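Asker: In this text, residue positions in the sequence shown follow our numbering: the first is 380, and each later residue adds one.
We put the CB at the ideal spot given by N, CA and C, even for glycine.
Given the structure is predicted, the values throughout are model-derived calculations rather than measurements.
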Amino acid sequence: MSNHAKTLYQYNVWANGRIMEHLQTISPEKYEQEIKSVFPSLAKVCSHLYLVEYLWLDILEGKDMGVALEEVFQLQHETDALPLEELEAAYRTLSERFLSFLEKEENLERRILLNNPYVGERETSLAEIVLHAANHGTYHRGNISAMLHQLGDASVMTDFVFYMYQEDL
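Structure, rendered in structure tokens:
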């Protein structure tokens, strides 16, 4: 499963990059416009995507989930206020750190005890955490696509199959 986890995370980076690049084509006002949706704005869902990947990378690197959550909560106000260009740059840096972790980690099947304050303790592999982080990104890119349509704009294709064709997998 480790190779699948790496591939899915690489896809996640590609798809998030496509979404962020596409969001550059809309006005900053529209990016920050409040709408009735799962998130109050495109800016907030993009910030959430960044923060959750930040959280999971902290956990993969050995940080307790409670401590990692506190760190993310501290960053949220700052991240929520970033213009898209700065958030995109921060995400590129974060994804490079995440990919570097995946390359250096010798055993993604290694199991850790995850103490999730929302659902309790569970033993899980690093690969399962990576799969969750990538799947979480897919879910919220769907939110972004729906929100773009709600705002009168088209989205961009981010399906895994398009990634496979582009990367010749």
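1) With a threshold of 7 Å on Cβ separation, who are the neighbours of Ile398 within its own chain once the five nearest residues in sequence on each side are excluded?
2) Under 8 Å, do Met444 and Leu493 count as touching if we go by C-beta distance?
3) Run through DSSP, which three-state label would Arg490 get?
4) Which first and last residues belong to the alpha helix (DSSP H) in which Gly445 is found?
5) Roughly how many angstroms lie between the CA atoms of Trp393 and Gly499, to the nearest whole one?
6) I want to know whether the region 423 to 431 touches the region 450 to 458 - three or more CB-CB distances under 8 Å.
7) Pair every Cβ in the region 479 to 492 with every Cβ in the region 502 to 511, then say whether three or more of these pairs are closer than 8 Å.
8) Between Val451 and Leu434, how many whole angstroms is the CB-CB distance? I'm expecting something under 8 Å.
9) Between Leu421 and chain D, is the shortest Cβ-Cβ distance under 8 Å, so that the two count as touching?
10) I need the straight-line Cα distance from Met380 to Glu408, nearest angstrom please.
11) Kindly indicate which three-state DSSP category Ser504 falls into: helix, strand or coil?
12) Closest to Gly531 by C-alpha separation, out of Leu387, Tyr410, Glu432, His383, would be which residue?
13) Distance check for Leu548 and Phe541, CA to CA, integer angstroms please.
Answerer: Once the coordinates are examined:
1) In the sequence shown, counting from the first residue as 1, residue 398 sits at position 19. Only Arg520, Ile523, Val535, Thr537 meet the Cβ criterion.
2) Residue numbering aside, residue 444 sits at position 65 when the sequence shown is read from its first letter. Residue numbering aside, residue 493 sits at position 114 when the sequence shown is read from its first letter. Yes, Cβ-Cβ distance for Met444 and Leu493 is below 8 Å.
3) The residue given as residue 490 occupies position 111 in the sequence shown. Here Arg490 sits in strand by DSSP.
4) Sequence index remark: in the sequence shown, residue 445 carries index 66 (1-based). Residues 444 to 459.
5) Taking the first residue of the sequence shown as 1, we reach residue 393 at position 14. Taking the first residue of the sequence shown as 1, we reach residue 499 at position 120. Spanning the two alpha carbons is a distance of roughly 32 Å.
6) yes
7) yes
8) Locating residue 451 in the sequence shown gives position 72, where the first residue counts as 1. Locating residue 434 in the sequence shown gives position 55, where the first residue counts as 1. The Cβ separation is near 5 Å, so the contact holds.
9) Here there is only one protein chain, and chain D is not present.
10) Working through the sequence shown from its first residue, we reach residue 380 at position 1. Working through the sequence shown from its first residue, we reach residue 408 at position 29. Unreliable positioning characterises Met380 in this predicted model, as indicated by a pLDDT of 48, which lies under 50. A coordinate reading is not provided.
11) As a working note, residue 504 is residue 125 in the sequence shown. Strand, per DSSP.
12) Along the sequence shown, one-based indexing puts residue 531 at 152. Out of Leu387, Tyr410, Glu432, His383, Tyr410 has the C-alpha closest to the C-alpha of Gly531.
13) Here residue 541 corresponds to residue number 162 of the sequence shown, with the count starting at 1. Here residue 548 corresponds to residue number 169 of the sequence shown, with the count starting at 1. Between Phe541 and Leu548, the C-alpha separation is close to 10 Å.
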